[in-house]
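Okay, structure coming up:
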């Protein structure tokens, strides 16, 4: 993939001229999006990946929490499980990382794969953990996300949250991981630690309240309080999505909004 900015043009100029659908989704400009969709005769245009992050329009809408744009795109044929060619990430991965629980829940209710792994073996809950999005983590757990999935580096979502300094997120994820493992061992749907399982989904009190008697702990967590979970809607920069260095940063300050 190119550096993202074509010679002689700013990133914003490239976005406006070459990727108008993506720009409309970034800005949540539903009117512009609908006009562009009406003029789009080739369905393949909906799956065009930008030269910045390799995202399609629906990925951009998901990252910035533009739910109406997400809905319009899905209505005209964008798949909720569409994956990017470079990183194999779905809109659900992107919404979780962006910290947008409403978009996340809508995608899941529309049939998105909650445990889909990307090119580094990470599921949406890994991305929510990277971003420290407590609301997305809780939403994913309630919807049945597996907390014990390990990425290609052998790390669970709890490990990632701890590494990023999000203590509260790490504790909730660790509690959930232990609870799910206990449920597997119990081989039934009986109540355990104040919760029950029905159809593979966790029922009962929220994981935000914690699960007592967890087996797993993190060295130094109490000694080093770490960072608080990020508020809803406070998106992390997209270049941190994969836990590596930046790909490119667009000039508009809304990337850090």
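In UniProt numbering, the protein residues as written are 1 to 257.
Using N, Cα and C, we set each Cβ at its ideal position, and we do this for glycine too.
Keep in mind it's a predicted model, so treat the numbers as computed, not measured.
- Around residue 92, the same chain offers 107, 112 and 124 as residues with beta carbons nearer than 6 Å, after the five sequence neighbours per side are excluded.
- Taking the Cα positions, residue 14 is about 44 Å away from residue 176.
- Around residue 116, the same chain offers 90 as residues with beta carbons nearer than 6 Å, after the five sequence neighbours per side are excluded.
- In this structure, residue 28 and residue 64 form a Cβ contact; the two beta carbons are roughly 7 Å apart against a cut-off of 8 Å.
- In this structure, the alpha-carbon of residue 155 lies about 8 Å from that of residue 149.
- Comparing C-alpha distances from residue 19 to each of 41, 184, 60 and 31 shows the shortest one belongs to 60.
- Counting only runs of 4+ residues, the alpha helix (DSSP H) found wholly inside the region 10 to 91 occupies 11 to 18, 20 to 27, 30 to 39, 57 to 63 and 67 to 75, in chain order.
- Ranked by how close their Cα comes to the Cα of residue 77, the residues 97, 87, 86 and 41 have 41 in first place.
- For residue 174, DSSP assigns no beta-bridge partner whatsoever.
- In the three-state reduction of the DSSP assignment, residue 153 falls in the coil class, being assigned neither a helical nor a strand state.
- Taking the Cα positions, residue 166 is about 17 Å away from residue 140.
- Less than 7 Å divides the Cβ of residue 57 from the Cβ of residue 22.
- Excluding five sequence positions before and after residue 242, the CB atoms of its chain that fall closer than 7 Å to its own CB belong to 87 and 120, given in chain order.
- Restricting attention to alpha helix (DSSP H) runs no shorter than 4 residues, the UniProt repeat "ANK" (87 to 119) encloses them at 91 to 98 and 101 to 109, ordered along the chain.
- Counting other Cβ atoms within 10 Å of its Cβ, residue 80 reaches 16 or more and is therefore classed as buried.
- Residue 132 and residue 174 have their alpha carbons spaced roughly 14 Å apart.
- The secondary-structure analysis by DSSP pairs residue 186 with nothing; it has no beta-bridge partner.
- The C-beta separation of residue 62 from residue 110 comes to about 12 Å, leaving the pair out of contact by the 8 Å criterion.
- For residue 140, the enclosing alpha helix (DSSP H) covers residues 134 to 142.
- Within its own chain, the residues whose Cβ lies closer than 8 Å to the Cβ of residue 143, once the five positions on either side in sequence are excluded, are 105, 108, 114 and 201, listed in chain order.
- With a 10 Å radius around the Cβ and a threshold of 16 neighbouring Cβ atoms, residue 67 comes out buried.
- Membership of residue 128 in the alpha helix (DSSP H) is indicated by the continuous run 124 to 131.
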